[in-house]
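*Asks:*
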Amino acid sequence: MNIERNRCIAKLDSVRENGFPKVITGIRRCGKSYLLDPLYKNHLIESGVKENHILSIRLDDIKNAGLRDPIELTNKVLAFARGKGMCYVFLDEIQEVYALVNPSLTGGKRVLAKKGDKETIDFVDVILGLSRESNIDLYVTGSNAEMLSEDIETKFRDKATIIPLSPLSFEEYHRFKGGQADAELYEYMQYGGMPLAILKEGDDKRQYLKDLFELTYFKDIIEHNHLKRGETLDELCNILSEGSGQLLNATKIASTYGSVKRERVDEQTVSNYLDYFKNAFIIREARRFDLKGRKEIGALRKYYFCDTGLRNARLNFAFPDEGQMLENIVYNELLYHGFTVNVGTFDSFERNKDGKNVRKTNEIDFFAEKGLRSYYLQVCLDFSSEKAREREIRPYHLLRDQAQKIIVLNQPIQETRDANGYTIIGAADFLLRFLDA
């Protein structure tokens, strides 16, 4: 059975032949190469594109080692497209292209560029040069330290269409598995949607996810940011894993690190490391939004992992907190469906036991917007007791705007309404149907 990524294919189709190179980014091993070839390649052929108008080059393949020369690669693509109509070119693992000193400065000789050289030709020049050809529609993937998010935005600002790709959504996971959604959701919470992970079983699956951090992600971050040691990076990642979905900032994380390791790490270092994790697509940041003032506020953030399996791997699968995992999944799925997502917060004034008005800060898990749709969402494991229900719906009673108010439960129930008109819905139904309704 093949893994389908129909939404991603539709997104690529929406920018097809738009005059810009399409640069597909995302965490390593999330399926960028597979998305282009075979998935998008087959889609183009099925839509009527001739196969001899599609060129797919995997630059990490030893057979294509000669094409890692930026000039040779450019010549190869131009020769392929010469005299044809529109051609679709896929360059996979573009970071394998090495940099050369501009041959016009070396008497025509091709000399490998060294760090600090100014007049160079590299993969960015290849992409921008080929994309200017009127009959070439260019699609590029990249991994590794050379293709982290911060670099991509800088190098291709206003010159490329950046398409972020994540691990499999629950919708894609469920379509691949083809079983009972509620049972699959629990497995998805534990092991996430990394494409190669879902093809493995048991201990092999767990070891694969652990190795991704040690052998791939940390290696990339250390290399890219010229870190001498990885111990602090490792411990901060554990802190983020345990605190997923909690309000954090550099000060709180530094304090937690000090209490765990009995040594200090300064706030700037923590802030830098958070950026490293974000730029490597490992974590995402949800900011607080004042629901009454209609603006982002404060330095506190919530951090969610791009994949719950990766989060759990950092904790050796020893802390299966379903509440944190479900909240993480809902956040990721809202982004997957194109919503802008913030943590909702607002202040209210209430009388205390002494009859005095006191300020109270209220929080809602998510405030999500997309076009004319706006939702308040509370993600909840237990809604059976009166105390639990009051805790979850209390903030909704204090908000009187028109946003739809939703309680997402980790229970196999279909969508319904309570006496207040609030939507009550099971997590699987919410993830697979509601967001597309």
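The sequence shown begins at 2 in the numbering used here and counts up by one.
For each residue, glycine too, the CB sits at the ideal point set by N, CA and C.
In this text, all values refer to a predicted model and were calculated from it rather than measured experimentally.
What residues match up with PHE350 in a beta bridge as DSSP calls it?
*Replies:* PHE350 pairs with ARG360.
*Asks:* Quick check on ARG390: does DSSP put it in helix, strand or coil?
*Replies:* helix
*Asks:* If you draw a straight line from the C-alpha of ARG230 to the C-alpha of ILE240, how long is it?
*Replies:* 18 Å
*Asks:* Name the residue from ARG289, ASN411 and THR26 whose alpha carbon lies nearest to the alpha carbon of ASN363.
*Replies:* ARG289
*Asks:* So, do the stretch 107-117 and the stretch 156-167 have three or more beta carbon pairs nearer to each other than 8 Å?
*Replies:* The stretch 107-117, when compared against the stretch 156-167, does not touch it at the 8 Å Cβ threshold.
*Asks:* Give the DSSP-derived three-state secondary structure of PRO413 in the structure shown.
*Replies:* coil
*Asks:* Are the Cβ atoms of GLU380 and VAL331 separated by less than 7 Å?
*Replies:* The sequence given here has Val at residue 380, not Glu. Yes; because the gap between Cβ atoms is below 7 Å, this pair is in contact.
*Asks:* Taking the beta carbon of PHE367 as the centre, do at least 16 other beta carbons fall within 10 Å, making it buried, or is it exposed?
*Replies:* buried
*Asks:* Could you give the distance in angstroms between the alpha-carbon of LYS406 and the alpha-carbon of LEU378?
*Replies:* 6 Å
*Asks:* Let me check understanding here. Comparing Cα to Cα, which of GLN191, ILE164, GLU232 and ASN317 lies closest to LEU327?
*Replies:* GLN191
*Asks:* Relative to the C-alpha of PHE340, which candidate in ALA287, MET195 and ARG207 has its C-alpha closest?
*Replies:* ALA287
*Asks:* Check whether the stretch 241-251 and the stretch 197-213 are in contact - that is, three or more C-beta pairs closer than 8 Å.
*Replies:* no
*Asks:* For TYR140, list the residues DSSP reports as bridge partners.
*Replies:* LYS23 and PHE91
*Asks:* Out of ARG83, ILE58, GLY84 and ASN53, state which residue places its alpha-carbon closest to the alpha-carbon of LEU74.
*Replies:* ILE58
*Asks:* Kindly indicate the opening and closing residues of the alpha helix (DSSP H) around THR75.
*Replies:* 71-82
*Asks:* With the cut-off set at 7 Å, would you say PRO196 and GLY32 are in Cβ contact?
*Replies:* yes
*Asks:* Considering only DSSP beta bridges, list what LYS296 is partnered with.
*Replies:* Assignment of beta-bridge partners to LYS296 by DSSP yields ASP291.
*Asks:* Just list the residues that DSSP pairs PRO491 with in beta bridges.
*Replies:* Lying outside 2 to 438, the shown extent of the chain, residue 491 is not represented and no answer is given.
*Asks:* Would you identify the three-state DSSP class for PHE282, choosing helix, strand or coil?
*Replies:* In the structure shown, PHE282 adopts coil according to DSSP, grouped into three states.
*Asks:* For GLU1, which of helix, strand or coil comes out of DSSP?
*Replies:* A question about residue 1 goes unanswered here, because the residues of the chain that appear run from 2 up to 438.
*Asks:* In the DSSP output, what is ILE122 paired with across the bridge?
*Replies:* LEU101
*Asks:* Count the other C-beta atoms from every protein chain shown that fall within 10 angstroms of the C-beta of MET374, then say buried if there are 16 or more, exposed otherwise.
*Replies:* Reading off the sequence shown, one finds Arg at residue 374, where the question assumed Met. Classification of ARG374: exposed, given that the 10 Å Cβ count is below 16.
*Asks:* List the whole-angstrom C-beta distance separating GLY86 from HIS54, where the pair is believed to meet the contact cut-off of C-beta under 8 Å.
*Replies:* 7 Å
*Asks:* Identify every residue that forms a DSSP beta bridge with CYS381.
*Replies:* LEU410
*Asks:* Given a threshold of 16 other Cβ atoms within 10 Å of its Cβ, counted over all protein chains shown, does GLU172 qualify as buried or as exposed?
*Replies:* When all chains shown are included, GLU172 counts as buried.
*Asks:* Quick one: using the 10 Å Cβ neighbour count with 16 as the cut-off for buried, is PRO39 buried or exposed?
*Replies:* exposed
*Asks:* Apart from the five residues just before and just after ASN329, which ones in its own chain have a Cβ nearer than 8 Å to its Cβ?
*Replies:* SER245, GLY246, TYR305, PHE306, THR309 and ARG312
*Asks:* Would you mind sorting GLU154 into buried or exposed? The rule is 16 or more other CB atoms within 10 Å of its CB.
*Replies:* exposed
*Asks:* Checking 7 Å against the spacing of the C-beta atoms, do ARG29 and SER144 come in under that value?
*Replies:* yes
*Asks:* On the DSSP letters alone, give me the boundaries of the beta strand (DSSP E) that GLY427 sits inside.
*Replies:* 424-427
*Asks:* Do VAL90 and LEU139 have their CB atoms nearer than 7 Å?
*Replies:* The answer is yes: Cβ separation under 7 Å.
*Asks:* Quick check on DSSP: helix, strand or coil for ILE28?
*Replies:* coil
*Asks:* Where does VAL344 fall in DSSP's three states?
*Replies:* Residue state, collapsed to three classes: strand.
*Asks:* Can you tell me whether DSSP reads PRO39 as helix, strand or coil?
*Replies:* Residue state, collapsed to three classes: helix.
*Asks:* In its own chain, which residues sit with a C-beta less than 7 Å from the C-beta of SER349, not counting the 5 before and 5 after it?
*Replies:* LYS361, ASN363 and LEU399
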